[in-house]
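Colleague:
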Amino acid sequence: MTVNLLDFDLEGLAAFCDRLGEKRFRATQLFRWIHQKGARQFDDMSDLAKSLRDKLKVNANVVGLPILSQHISTDGTIKWLFDVGAGDAVETVFIPEDDRGTLCISSQAGCAVGCRFCSTGHQGFSRNLTTGEIISQLWFAEHFLRTHMGKSERVISNVVMMGMGEPLQNYSALLPALRVMLDDHAYGLSRRRVTVSTSGVVPMMDRLGKDCPVALAVSLHAPDDILRDNLVPLNRKYPIAELMEACNRYLEFAPRDFITFEYCMLDGVNDTPAHAAALVNLVQRSPRTRVNCKFNLIPFNPFPASGLLRSPQVRVLEFARILSEAGIVTTVRKTRGDDIDAACGQLAGDVKDRTGIQARISKQRTVMLKPV
Ligand code: SF4
């Protein structure tokens, strides 16, 4: 059976080469060809011995995900929809800015967490992506963009695991993929330029801190458990105080870092000055939950099934002002790629509702939309 070499980090590739009777330095050469040069044909790997290339042709391949569509926004944002089989698709987004190029990567087809404001969450969970399926999004995008832009050097400087799925619920595939991103023989991204975003899977935050302490973003979206239980159902398992303690344990492995709290601004739900003041209290004043952090306020991208609306800009700015005046670094995320269907999961949103989650959400919606 042939194996896809995109499934391996360098250690995995070295073990594979060992099984073929090849030395470790061959794995490094192969790794560079695949990830630094984007090669997919073994015959193109000109410094590999012909005998090794022949062995590889029999035992291995380098195969990315098939592309279903590509959308290019007027602001330069590019979204790809990749086919992961069985009627499922995942999204990858490239966001160019003056000083960086960020790629947003998916980790699962669908998502089991079911956040109320998330288009992916409304689709239910289909399956975990493999390491190869995660890394092939970066592999494809980096080499596509280099060709497209006529560049020979790196185009993608930052990766955020903020696409479809909860990355920490697919940890065994995520970890080797992160190692490929950081490896100097592959993409060589610095630890702080790779961000894992989680809805708060506390035990896996602890594992990630020990195994590979990249930058961590936490989807917070509410200052108290009653509201967060409603918006991010995982909160019922790992409530806010436990989450904050896990954030502080994580920072012990990345001492000069901070946690980025993502906060999706939902009209009349979590966006009042009282919510902002409660957040300040949570992350600055309460001894148990105080954490070194910054906030990223995210304009909600409405989609019909959510029943939610985007907060008016004036309220977002007032919210940001309250946090900033309390000394918390706060940014308001620019909306990008609006003309090519903005919210994560919207392009893939034609997939079926696998878990009946939309019906459950509609039942709960009356509770959540009560004015606060
Ligand atoms: S916000 Fe993230 S964790 Fe929540 S449902 Fe969407 S993809 Fe899953």
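571 is the number that this note's numbering gives the last residue of the sequence shown; the numbers go up by one with no jumps.
A virtual CB, placed ideally from N, CA and C, is assigned to each residue, including glycine.
With distances taken from CA atoms, which of T276, S306, G309 is nearest I355?
Modeller: The shortest CA-to-CA distance from I355 to any of T276, S306, G309 is the one to T276.
Colleague: Given a cut-off of 8 angstroms, decide if A288 and L267 are closer than it, judged by their beta-carbon atoms.
Modeller: Contact: yes.
Colleague: At a threshold of 7 angstroms, does V312 count as lining ligand 1 (C-beta to nearest heavy atom)?
Modeller: yes
Colleague: Closer than 7 angstroms by C-beta to H234: which residues in its own chain qualify, once you throw out the five before and the five after it? Chain order, please.
Modeller: W338, V379, A385, Y386
Colleague: Helix or strand or just coil, what does DSSP make of I355?
Modeller: coil
Colleague: With DSSP run on the structure shown, which of helix, strand or coil describes M244?
Modeller: Here M244 carries a coil assignment [DSSP, helix/strand/coil].
Colleague: Determine the contact status of P375 and D208, defining contact as a CB-CB distance below 8 angstroms.
Modeller: Contact flag set, yes.
Colleague: Decide if N327 is buried, meaning its Cβ has at least 16 other Cβ atoms within 10 Å, or exposed.
Modeller: buried
Colleague: Assuming G410 contacts T329 under a Cβ cut-off of 8 angstroms, what Cβ separation, rounded to an integer in Å, is found between them?
Modeller: This sequence places Asp at residue 410; Gly is not what is there. In fact, because the Cβ distance is near 18 angstroms, the residues do not count as touching under 8 angstroms.
Colleague: Ligand 2 heavy atoms versus the CB of D405: any closer than 7 angstroms?
Modeller: Here the bound small molecules are ligand 1; ligand 2 is not part of this structure.
Colleague: Taking 7 angstroms as the cut-off, does the CB of S398 come closer than this to any heavy atom belonging to ligand 1?
Modeller: yes
Colleague: Can T319 be considered in contact with ligand 1, in the sense that its beta carbon sits closer than 7 angstroms to one or more heavy atoms?
Modeller: yes
Colleague: What are the complete alpha helix (DSSP H) segments, minimum 4 residues, inside the stretch 223-311?
Modeller: Taken in chain order, the whole alpha helix (DSSP H) runs of length 4 or more contained in the stretch 223-311 are 223-230, 249-258.
Colleague: Closer than 7 angstroms: is that where the CB of M348 sits relative to any heavy atom of ligand 1?
Modeller: no
Colleague: Ignore the nearest five residues each way along the sequence and tell me which others in K569's own chain have a CB closer than 6 angstroms to its CB.
Modeller: Caution is warranted here: a pLDDT of 30 is assigned to K569, below 50, making its placement in the model unreliable, and the coordinate value is therefore given only provisionally. So the list is empty, once near-sequence residues are dropped.
Colleague: Using the C-alpha atoms, what's the distance from F499 back to Y148?
Modeller: There is simply no residue 148 to check, as the chain begins at 200 and stops at 571 in what is shown.
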